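**Q** First, the structure itself, so that you have it in front of you.
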Amino acid sequence: MPSNQKLLTVENLDERVLRDLFDLKYVAVRVPEFYDATYSKSLADLLYQEIDDSAGSGIYESNIDSFWNVTKNAERQERYFNSTLPLQHRLRRLSAPHPSPIDLLRVTLDENWPGGSTFMSMTSRKMPFGITRLWRTGSEGLPHQDVLHREFDDPMTNAIVGQLGVNIYLDTAEEGGELETWDHVISDEEYSGISGQYPGSYGYPRDMLPDNSVLISPQPGDLVLVNTACVHAIRTITAGRRITLSGFVGNLGPDLPLRCWS
Ligand SMILES: O=C(O)CCC(=O)C(=O)O
Ligand SMILES: [Fe+2]
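Going by my numbering, the first residue of the sequence shown is number 10, and it counts up by one from there.
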């Protein structure tokens, strides 16, 4: 049953909105047409072209592994860290003469958080931010959480007091593909008892979750931020495909920069 009380729609992000989302006054914040819808569509077409020209499969297809995928493989980890700046350059090149949506997002976060915003880094290396995720007809994302310190235990990840998923929707499905999120946190304590069943905090059964959920059908150009401590899912795409620029934002406290990665 959809219930959208804890979804906030705003024209612009500001510090209050970011704080309220970290504090779970809202579970999701939507910024309609954060990036111009027409520019979004053109950028999506270029990205589709690149993806269609190369092979791949999975629950989604992504130009770069997410950090979650590289934690146990040294070679993939190396490729991951080497792709940070090339990714930014490529997005700038494909977006020109308009700004890269990810540059726009990074500046917006920087301007609106007391401590500013920067790339997440680990072992003195910046992490990629704004990977391209393509979701084809028939694909879905099962209910999950994204909590970095569960996957990677170090002083930096353990200092994160809140994590957001940030997605810019360049193109959206004709049918399905909604982002669904529940006002429901599975705590680290609860998760430690069930982690074997749900590796990566992924694949929670819907009967574990409240009946009410927040359902978001993003439009091209929309930015949606979710607090990823809350369980969320991507509903099955029943027609068309969707493509996003996707990342995470970690909160280390108001006076420190937000940290961005994918
Ligand atoms: O693509 C989406 O709508 C959401 C992706 C997601 O699970 C996340 O941003 O954490
Ligand atoms: Fe997620």
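Every residue, glycine too, gets a C-beta built ideally from N, C-alpha and C.
Quick caveat: nothing in here was measured; it's all calculated off a predicted structure.
1. Reducing DSSP to helix, strand and coil, say where D197 ends up.
2. Assign K50 to one of three DSSP states: helix, strand, or coil.
3. Does A248 come out as helix, strand or coil in the three-state DSSP assignment?
4. Whole angstroms are fine: how far does the CA of S201 sit from the CA of I195?
5. Please determine, among G262, L261, K135 and H153, the residue with the shortest C-alpha to C-alpha distance to H193.
6. Within its chain, find whatever has a CB closer than 6 angstroms to the CB of S104; leave out the 5 residues flanking it on each side and keep chain order.
7. If you draw a straight line from the alpha carbon of L234 to that of R268, how long is it in whole angstroms?
8. Flag this pair as yes or no: are the beta carbons of F161 and L96 separated by less than 9 angstroms?
9. Please state the DSSP three-state secondary structure of G185.
10. Along the chain, which unbroken stretches of the alpha helix (DSSP H) at least 4 residues long are found entirely within the stretch 72-106?
11. Could you give the residue range of the alpha helix (DSSP H) that holds P164?
12. What residues come near ligand 2, if near means a beta carbon less than 6 angstroms from any of its heavy atoms?
13. Which whole-angstrom value is the C-beta distance of D216 and F43, which I expect to be below 8 angstroms?
14. Return yes when at least one heavy atom of ligand 1 lies under 8 angstroms from the C-beta of W144, else no.
15. For S226, which residues of its own chain have a beta-carbon under 6 angstroms away from its beta-carbon, when the five flanking residues on both sides are left out?
16. Just curious, the alpha helix (DSSP H) that T132 is in, first and last residue?
17. Is R142 helix, strand or coil by DSSP?
18. Could you check how far apart the C-beta atoms of S157 and I140 are, in whole angstroms? I think they sit under 8 angstroms.
19. Is there contact here, the stretch 172-181 with the stretch 235-254, by at least three beta-carbon pairs under 8 angstroms?
20. Checking the sheet assignment: what are the DSSP bridge partners for P11?
21. When the distance is taken between beta carbons, is V36 closer than 9 angstroms to L281?
**A** Walking through what the data contain:
1. In the sequence shown, counting from the first residue as 1, residue 197 sits at position 188. Helix.
2. Taking the sequence shown and counting its residues from 1, the one referred to as residue 50 is at position 41. K50 falls in the helix class under three-state DSSP.
3. In the sequence shown, the residue the question calls residue 248 occupies position 239. Strand, per DSSP.
4. Within the sequence shown, the letter at position 186 stands for residue 195. Within the sequence shown, the letter at position 192 stands for residue 201. Rounded to the nearest whole angstrom, the C-alpha separation of I195 and S201 is 10 angstroms.
5. Stepping through the sequence shown from its first residue, residue 193 is reached at position 184. The residue with the shortest Cα to Cα distance from H193 is H153.
6. To locate residue 104, count along the sequence shown from 1; it is residue 95. Counting only residues of its own chain and dropping the five nearest sequence neighbours on each side, S104 has a CB closer than 6 angstroms to the CB of L52.
7. If you number the sequence shown from 1, residue 234 lands on position 225. If you number the sequence shown from 1, residue 268 lands on position 259. When rounded, the distance between both Cα atoms is 14 angstroms.
8. On the sequence shown, residue 161 is found 152 positions in, with the first residue counted as 1. On the sequence shown, residue 96 is found 87 positions in, with the first residue counted as 1. Not in contact: F161 and L96 (Cβ atoms no closer than 9 angstroms).
9. By 1-based counting over the sequence shown, the position of residue 185 is 176. In this structure, G185 counts as strand in the three-state DSSP scheme.
10. Listed in chain order, they are 76-79, 83-91 and 93-104.
11. Translated into the one-based positions of the sequence shown, residue 164 becomes position 155. P164 to N167 is the span of the alpha helix (DSSP H), which, as asked, contains P164.
12. With 6 angstroms as the limit, the residues whose C-beta approaches any heavy atom of ligand 2 more closely are H153, D155, G174, T237 and H241, in sequence along the chain.
13. Within the sequence shown, the letter at position 207 stands for residue 216. Within the sequence shown, the letter at position 34 stands for residue 43. For a cut-off of 8 angstroms, the C-beta gap from D216 to F43 is around 35 angstroms, too long to register as a contact.
14. For the purposes of this step, residue 144 is taken as the residue at position 135 of the sequence shown. Correct: W144 has its Cβ closer than 8 angstroms to ligand 1.
15. Position 217 of the sequence shown, counted from the start, is the residue given in the question as residue 226. The beta carbon of S226 sits closer than 6 angstroms to those of E187, all from its chain and outside the five residues before and after it, given in chain order.
16. Stepping through the sequence shown from its first residue, residue 132 is reached at position 123. DSSP places T132 outside any alpha helix (DSSP H), giving it a letter other than H or E.
17. Numbered from its first residue, the sequence shown carries residue 142 at position 133. In this structure, R142 counts as strand in the three-state DSSP scheme.
18. Here the question's residue 157 lines up with position 148 in the sequence shown. Here the question's residue 140 lines up with position 131 in the sequence shown. Residue identity check: residue 157 is Leu in the sequence provided, not Ser. About 15 angstroms; that fails the 8 angstroms criterion.
19. Yes: the two stretches touch, three or more of their Cβ pairs being nearer than 8 angstroms.
20. Position 2 of the sequence shown, counting from 1, holds the residue named residue 11. Answer is S222, bridged to P11.
21. Residue 281 is absent from the structure shown; the chain starts at 10 and stops at 271.
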